[in-house]
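Visitor: Protein chains in written order, with full-length UniProt numbering: chain A, 1 to 337; chain B, 1 to 337. Note that beta-carbon positions come from the ideal geometry of N, C-alpha and C, so glycine has one too.
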DNA sequence: CCTGCACGTCGAAGCGCTTCGATTACTTCC
DNA sequence: GGAAGTAATCGAAGCGCTTCGACGTGCAGG
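1. What separation, rounded to the nearest whole angstrom, lies between the Cα atoms of residue 154 of chain B and residue 118 of chain B?
2. Between the alpha carbons of residue 278 of chain A and residue 286 of chain A, how many angstroms are there, rounded?
3. What in chain A is Cβ-close to residue 264 of chain B, meaning under 7 Å?
4. Quick one: list the residues of chain A neighbouring residue 223 of chain B, beta-carbon separation under 7 Å, in chain order.
5. Could you round the C-beta distance between residue 221 of chain A and residue 247 of chain A to whole angstroms and report it? I think they count as a contact, below 8 Å.
6. Over the uninterrupted alpha helix (DSSP H) stretch that includes residue 76 of chain A, give me the two end residues.
7. Just by C-beta distance, which residues in the segment 80–100 of chain B are closer than 8 Å to chain A?
8. Pull up the distance between the alpha-carbon of residue 9 of chain A and that of residue 3 of chain A, whole angstroms please.
9. List the residues of chain B that residue 47 of chain A touches, going by C-beta distances under 7 Å, in chain order.
10. Can the beta-carbon of residue 75 of chain B be found closer than 7 Å to that of residue 74 of chain A?
11. With DSSP as the reference, label residue 124 of chain A as helix, strand or coil.
12. In or out: residue 274 of chain A buried (at least 16 other Cβ within 10 Å) or exposed?
13. Quick one: which unbroken beta strand (DSSP E) runs of 3-plus residues sit fully inside the segment 107–166 of chain B? Chain order, please.
14. Put residue 303 of chain B into one of helix, strand or coil per three-state DSSP.
15. Are the CB atoms of residue 324 of chain A and residue 170 of chain A nearer to each other than 7 Å?
16. Taking C-alpha atoms, which residue in A:160, A:195, A:299, A:268 lies nearest to residue 125 of chain A?
17. Between residue 410 of chain A and residue 12 of chain B, is the Cβ-Cβ spacing less than 7 Å?
18. Whole angstroms is fine: what's the gap from residue 215 of chain A's alpha carbon to residue 207 of chain A's?
19. Compare the Cα-Cα distances from residue 249 of chain A to each of A:295, A:183, A:202 and report the closest residue.
20. Ignore the nearest five residues each way along the sequence and tell me which others in residue 197 of chain B's own chain have a CB closer than 8 Å to its CB.
21. Specify the secondary structure class of residue 40 of chain A as computed by DSSP and reduced to three states.
22. Counting Cβ pairs, one atom from each stretch, are 3 or more of them under 8 Å apart for the segment 35–47 of chain A and the segment 13–20 of chain A?
23. Does chain B have any CB closer than 7 Å to the CB of residue 251 of chain A?
24. Is residue 1 of chain A helix, strand or coil when you go by DSSP?
25. Go ahead and pull the three-state DSSP assignment for residue 94 of chain A.
26. Distance cutoff 7 Å, beta carbons only. Does residue 168 of chain B sit that close to anything in chain A?
27. Is it true that the CB of residue 95 of chain B sits closer than 7 Å to the CB of residue 64 of chain B?
28. Report all residues from its chain with a CB closer than 8 Å to the CB of residue 223 of chain A; omit the five preceding and five following residues, and keep chain order.
29. Below 7 Å CB to CB, which residues in the same chain sit around residue 84 of chain B once its five sequence neighbours on both sides are set aside?
30. So with Cβ pairs under 7 Å, would you call residue 307 of chain A a contact of chain B?
31. Where does the unbroken alpha helix (DSSP H) through residue 23 of chain A begin, and where does it stop?
32. Going along chain A, which residues have a C-beta under 9 Å from residue 102 of chain B?
33. Indicate whether residue 251 of chain A and residue 167 of chain A have their beta-carbon atoms separated by less than 7 Å.
34. Considering Cα atoms alone, identify which of B:306, B:149, B:293 is closest to residue 321 of chain B.
35. Going straight from the alpha carbon of residue 181 of chain A to that of residue 270 of chain A, what length do you get?
36. Using the C-alpha atoms, what's the distance from residue 228 of chain A back to residue 219 of chain A?
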């Protein structure tokens, strides 16, 4: 194992000089710098992470706490995770992956031991047990999601309320008067993550203003569940001509069932989804949708976290503006509907 | 920040005693032990990870190198990642998430700096550029997947060849004589990950023995691609009555298109999938399938890696035995087919 | 009674790095 | 021409932990 001292000796300088070449925290002459850099390369030197962390009390590691459950938004979570990792690397940070398994204790452990310099929390619940711990730890943190109480944290999320509102607007503009919202599985609502509620609330508010009638049904993302829900929905409200779906797993079942039911999309029924772009593009119908911008969220989260670590930036709440893209699944309400 | 020394002082013992209480590497009297443990609790002490790593040259971190691309097997990857993390924690290890982005350099960095004690590589290609680096680093490593040259590594993977074989057998037993295999997207084959090839090869070998005629078509997991492929397939081989699908994204498009085509599953057409259990259970039809056992793979990988770290266990190749579960998507070949 | 051995504890060295003065050698400016 | 500064480098302290050897103590065996 090659150490700083080895490099110093090889280059004929002191250890501190090598360190300063590496960190750039003091001016070093071009000649010395080159000599040191050559030695580093020749010896194949890699600074020891542990020693570095100990001496500088900075690990250059960000902890990313992921949801344990894989029942929801898997692609989004994965995309966020990968984007966080990629982005963090650009700032010289690595990412430690924590699962929900360990619960709030994980936060204490990772932060208390100085393993991570900062934390990103995914799948944040309204009254998340991890938040008080994190707050008192004083470590920089960014939440992906929106808890009830945001003080002390930077939060990044899609403005789901606005997303819901956009969906209502779009369908209203197309002349629809009665719509159904297929929501996430009931478990998601029970978990109090907030985003599902915010969507439906934003949608309802706008719908009221526009004179749109709304029926909301949480629904598991299986064919069976969807078939059940759909039957009920049409029995209860035969006049429904529009669907808003916020449950990526439910999208294909819905489309497939409508097809079996001889209801044409978009001629008879319009469908708008709140889902990752990929889902909207890849299904049997190119969906009119509001995208969930996973990468952008990850980018914001990491950038802000780094800013907090390095020059302790202020807390902020980033509510990303949703955009509705019209594709092939929505159209004018059928005449006489 | 509370240190070992603080705890020692508070408990009225020396620092080394505290250390030994923590590690259990020397016998400590019950009395002292309790006293120390109380002090630890009272002071809220957390050992500093950096100092520990420096002193012991063990970081208790495993690096998990994930595929960058999210074009394939996302749920499987995610499930593996989470299972790896969960499992590692049970052994007192944390998991550092590396993406493919950085390429082989990531291996060098993480291993050279002592950031990680060991590495798990996912999405291993036949002649993966990371392998030589890893081999010369001498760090314990486990590969998920099967490269051309396995010496020096422990590998964990599903026995895809056997999986293919099982699919052929099942369809042959049901009386099918001509089948089609819907494979992964062409890009997956070009990438030379091997598993897709192994499946088709195992399937072909068994099919030959059983007098089964096979048509193999790699296919993107979109409706459009699937529609195109399906058209071609039935034109080319109208007698086909069975499908084997190894592309989780293609499963629903296939079922949906068959339905539109008025071909009933399983009466007219049998479908067998090689996919995660969840996909097999959640679609419009409960699929006869060979499961991809993500968790089991993760468990094997972590357990063996820990064994290598702690008592440097031998390299092994774990080829998990696939199991075909019969569900609603396969049945006897139609008479006169 | 002394030797030998296990047990329980301590002290000190050292892991590889960062960082804070201190030092030296030049400039620059009045 | 000397004071004052600046640039480039070095030495040493110390980050918080692990670990090795040493040092009592108490007890069994000869």
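Guide: According to the data block:
1. 12 Å
2. 10 Å
3. Result: empty, since nearest Cβ-Cβ is about 13 Å, beyond 7 Å.
4. 283, 284
5. 5 Å
6. 74–90
7. Correct list: 81, 82, 85, 86, 89, 94, 95, 96, 97, 98, 99.
8. 10 Å
9. 113
10. yes
11. For residue 124 of chain A, the three-state secondary structure derived from DSSP is coil.
12. buried
13. 118–121, 141–144, 154–158
14. Here residue 303 of chain B sits in helix by DSSP.
15. The answer is yes: Cβ separation under 7 Å.
16. Comparing Cα positions, the closest option is A:195.
17. Residue 410 of chain A falls outside the range modelled here, since chain A spans only 1 to 337, and no answer is possible.
18. 11 Å
19. A:183
20. 189
21. helix
22. yes
23. no
24. coil
25. Three-state result, residue 94 of chain A: strand.
26. Output row for residue 168 of chain B: interface = no.
27. yes
28. 253, 256, 257
29. 64, 95, 120, 298, 301, 302
30. No Cβ of chain B is located within less than 7 Å of the beta carbon of residue 307 of chain A.
31. 15–23
32. 86, 89
33. no
34. B:293
35. 12 Å
36. 9 Å
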